[in-house]
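Residue numbers (the UniProt record's numbering), protein chains in the order written: chain A, 1 to 253; chain B, 1 to 253.
By construction, the Cβ of each residue, glycine as well, lies at the ideal position given by its N, Cα and C atoms.
2 protein chains.
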Amino acid sequence: MLTKQELEEFWAEASEIYLNHVSIDCVVFGFHEGQMKVLMLKSNNEEAWYLPGGFVLKKEPIEKAADRILKVRTGIDKIFLQQFRVFGDPDRSKIHNDMYRDMLPKEQNFFDQRFISIGYYALVDFFNVTPTPDDFSELCTWRDLNDLPKFQLDHRLIFETALDTLRLQLNYQPIGYNLMPKEFTMPELQKLYETILDKKLDRRNFQRRILGFGILNKLEQTRKGGAHKAPYLYSFNLENYQAALKEGLKSGW
Amino acid sequence: MLTKQELEEFWAEASEIYLNHVSIDCVVFGFHEGQMKVLMLKSNNEEAWYLPGGFVLKKEPIEKAADRILKVRTGIDKIFLQQFRVFGDPDRSKIHNDMYRDMLPKEQNFFDQRFISIGYYALVDFFNVTPTPDDFSELCTWRDLNDLPKFQLDHRLIFETALDTLRLQLNYQPIGYNLMPKEFTMPELQKLYETILDKKLDRRNFQRRILGFGILNKLEQTRKGGAHKAPYLYSFNLENYQAALKEGLKSGW
DNA sequence: TTACAATTGTGTACCAATTACACCATGCAT
DNA sequence: ATGCATGGTGTAATTGGTACACAATTGTAA
């Protein structure tokens, strides 16, 4: 909980270094072994949760800003990030609760202005992440998609748009490079897809299809130690993977 | 060509009414009878062309802003608009030439700041449009895609991203409602697709596919007066069309 | 050690969608 | 009436997607 003086300093500094009226909100999807969660922060004096976000430095490219913001919140560099929509309703605002809003006059209040927010979604392995609260939150943590809290502002809309976009883009984009270990089995990769899409896929058809993309290398070894038949290991063929990211996986017309 | 005083007034007013640091750029694709053009403005003292664009009023939703900007530039209301990307490099700027930039000190110069630009593309029938220059242009006109001029700033990137996005979205979105007359023939609609994609399509397969979408009504009449066999007329089934716009034309996984 | 349960590897038959392709009909121009 | 350009339509071949079953491996429990 910030004091009035801390707030004043905070806002004064923000006005100095950040571009006004532009913000970034990130929907960070975390995956691990069939689980899918979303990174959220709990407002430190409201029962409302919000998405990681921040502002753009005056001379900073927006992609860099998104990277920087997520680096602070998660500890991870070079996260897979995808811009997906701008949220620009005039009545959305970055301020995180009414209490702060009233503590300073409006014109001094960097946060109590209109912000156009650029929405990004990110995909990470949540075991690699160290969730770190910001100055307005008492908690930064993973929330299960089936147990979402009350969202602040338009953050539920942002979250849902991100999820829809992710599911749509799964059809045209390869995925998983930064979510799977270096070597992984086909069932493990399938579980990732099933988790994102929230539905079961046919093992054989999944395999045929994903192999058809040509983005996997089949390794000689199998994964020992499991309680059952040892599955083959695969790794991503990075060259083809990158190419597929650029060119997409399907054509049309 | 604006005088220094006019510029001062312009900028003073802009700072009053517009949100700083946020702009909109629109790639307006115009179609008519197999032609495809893009609406551009010619800077009034540089050999550089730019895309229609503008700013967001302090309390205006961004979609409204895009509508408003295009209404002024084209005379058309309720244009089909699609947000496709934010362009946020720190060295892009809305200022339209260096001459204006030097006429006033930097801090008074609304335009000489960093702008994050939200890219929209629009699809119109260019016979419905009255191209109207803005204060920084001597000319507002349609340019053929095969004969593009030198672009200002990052407007070539914006244009190309828009075109790529349009072609991609053609696979998932119905198109043509606001580009075709109320009643049209199948070959006419096909020509629209061929124009956008810049390639020939097979007549029979095109017909089967587009009919399969269920967004067309086949009418009883045929188009008389042509030099050849009279083709059937079609109109859009608006209800299905709207539904298809929302839900997309294909699934995946 | 053996039987069992769980999981993986693999192939095929069916249906749907896409592609390639050809013939006939219409209507104006001569 | 004939020719020519265009529009209407159907079918076969290919490709892609879906549904589905059986054999092999491995650890565990009897």
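Neighbourhood of residue i by C-beta, 7 Å cutoff - its chain only, sequence neighbours within 5 removed
i, result
"residue 126/A", "30, 31, 32, 37, 142"
"residue 254/A", "In the structure as shown, chain A starts at 1 and stops at 253, and residue 254/A therefore has no counterpart that could be examined."
"residue 255/B", "With chain B running from 1 to 253 in the structure shown, residue 255/B is simply not present."
"residue 188/A", "180"
"residue 34/A", "191, 195"
"residue 241/B", "174, 177, 215"
"residue 222/B", "230, 231, 232, 233"
Three-way DSSP call (helix, strand, coil) for residue i in this model
i, result
"residue 122/A", "strand"
"residue 92/A", "coil"
"residue 247/A", "helix"
"residue 53/A", "strand"
"residue 165/B", "helix"
"residue 228/B", "coil"
"residue 220/B", "strand"
"residue 212/B", "helix"
"residue 10/A", "helix"
"residue 233/A", "strand"
"residue 151/A", "strand"
"residue 29/B", "strand"
"residue 185/A", "strand"
"residue 301/A", "Absent from the structure is residue 301/A, since the part of chain A shown begins at 1 and ends at 253."
"residue 87/A", "strand"
"residue 113/B", "coil"
"residue 255/A", "Examination of residue 255/A is not possible in this model, given that chain A is present from 1 through 253 alone."
"residue 62/A", "helix"
"residue 160/A", "helix"
"residue 46/A", "coil"
"residue 74/A", "helix"
"residue 201/B", "coil"
"residue 178/A", "coil"
"residue 2/B", "coil"
Own chain residues within Cβ distance below 6 Å of residue i, not counting five before or after
i, result
"residue 85/A", "119, 161"
"residue 19/A", "56, 58"
"residue 140/A", "41, 131, 132, 133"
"residue 22/B", "56, 116"
"residue 155/A", "50, 51"
"residue 110/B", "11, 14, 15"
Residues that residue i bridges to, as DSSP identifies them
i, result
"residue 173/B", "Paired residues: none, contrary to the question."
"residue 142/A", "39/A"
"residue 128/B", "Residue 128/B pairs with nothing; no bridge assigned."
"residue 24/B", "54/B, 118/B"
"residue 18/B", "57/B"
"residue 82/A", "121/A"
Contacts of residue i in chain A (Cβ-Cβ under 8 Å)
i, result
"residue 86/B", "62, 83, 86, 118"
"residue 145/B", "Within 8 Å Cβ-Cβ: nothing; residue 145/B doesn't reach chain A, min ~18 Å."
Residues near residue i by beta carbon distance below 8 Å, same chain, minus five either side
i, result
"residue 170/B", "193, 196, 197"
"residue 178/A", "79, 80, 123, 124, 125"
"residue 157/B", "87"
"residue 65/A", "24, 54, 55, 56, 57"
"residue 159/B", "27, 38, 51, 148, 151"
Contacts of residue i in chain A (Cβ-Cβ under 7 Å)
i, result
"residue 22/B", "21, 22, 116"
"residue 197/B", "253"
Per-residue contacts from residue i into chain B (C-beta, under 8 Å)
i, result
"residue 217/A", "Near residue 217/A there are no residues of chain B at all, since even the closest Cβ is about 23 Å away, more than 8 Å."
"residue 59/A", "90, 114"
"residue 201/A", "253"
Residue i CB to nearest heavy atom of the ligand MG below 8 Å
i, result
"residue 59/B", "Among the components of this structure there are no ligands whatsoever, and the ligand MG is therefore not found."
> Are three or more beta carbon pairs between the segment 184-196 of chain B and the segment 226-237 of chain B nearer than 8 Å?
Replying inline: Touching, per the Cβ criterion.
> For the 8 Å Cβ check, are there 3 or more pairs between the segment 40-52 of chain B and the segment 60-75 of chain A?
Replying inline: Look at the beta carbons and you see the segment 40-52 of chain B not touching the segment 60-75 of chain A: under three pairs across the two are nearer than 8 Å.
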